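> Numbering (this note's numbering), first residue to last: 12 to 241.
#1: Between residue 148 and residue 185, which are expected to be in contact by the criterion C-beta below 8 Å, what is the C-beta distance as a whole number of angstroms?
#2: Curious, which full-length alpha helix (DSSP H) runs of at least 4 residues does the region 65–127 contain?
#3: Answer yes or no: do residue 191 and residue 165 have a C-beta to C-beta separation smaller than 8 Å?
#4: Report the CB separation of residue 90 from residue 96 in whole angstroms; it is logged as a contact under 8 Å.
#5: Measuring only the C-alpha atoms, how far is residue 211 from residue 121?
#6: By how many angstroms is the C-alpha of residue 45 removed from the C-alpha of residue 18?
#7: Would you say residue 183 and residue 201 are within 8 Å of each other, going by their C-beta atoms?
#8: In angstroms with no decimal places, state the Cα-to-Cα distance between residue 145 and residue 131.
#9: If you scan the region 160–194 from start to end, which runs of the beta strand (DSSP E) of 3 or more residues do you find wholly inside it?
#10: List the whole-angstrom C-beta distance separating residue 109 from residue 39, where the pair is believed to meet the contact cut-off of C-beta under 8 Å.
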């Protein structure tokens, strides 16, 4: 028996959650948000992935609803073969229209192939599509600020100049995380104000809000905030 995806998603609808979540995603038409909580959608994805129809669903882009895109992301995460996961991600990224879908998925195959993935990241980061670029920066933050870190990566992120809020917010998030994990490499970019003003200040704000950064370091970082009249 075939599965009606929309019907199944609407069975899990939570209207209060829909209204709350819609306020966090101004780029998405509220009428295209069903209101399915992420844990419930992940459980559904885990079962749906076992069916033959899952592969067919992945072929059917674009999707209509926000939750359909998230379901697509969760199914892509489960692909074990690196090249297949990469090609499916590449095909899906241009259809992402919000920060939440962009940030919520990371194929397990990527974690095991960071040496190959970095070449694709360097391609995506040059994209003129907001969420393709944001996804690339997010991967550098999630996968390359520990044992895979190289100084040229932080330089690549620092050089990005964008008019897009959701790109600049991810750059700020990246630098706040870098200050927690690769402080000696990251702090010169703050001291020397090598980011644009808004991103610089936002990176400091997010670092100060972080539980991974010491109180003394937070006080030190605050000294570098650029005043609005500067």
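We put the CB at the ideal spot given by N, CA and C, even for glycine. From a predicted model like this one, the values you see are computed outputs, not experimental measurements.
Once the coordinates are examined:
#1: 6 Å
#2: 77–88, 93–103, 110–115, 119–122
#3: no
#4: 4 Å
#5: 29 Å
#6: 11 Å
#7: no
#8: 13 Å
#9: none
#10: 5 Å
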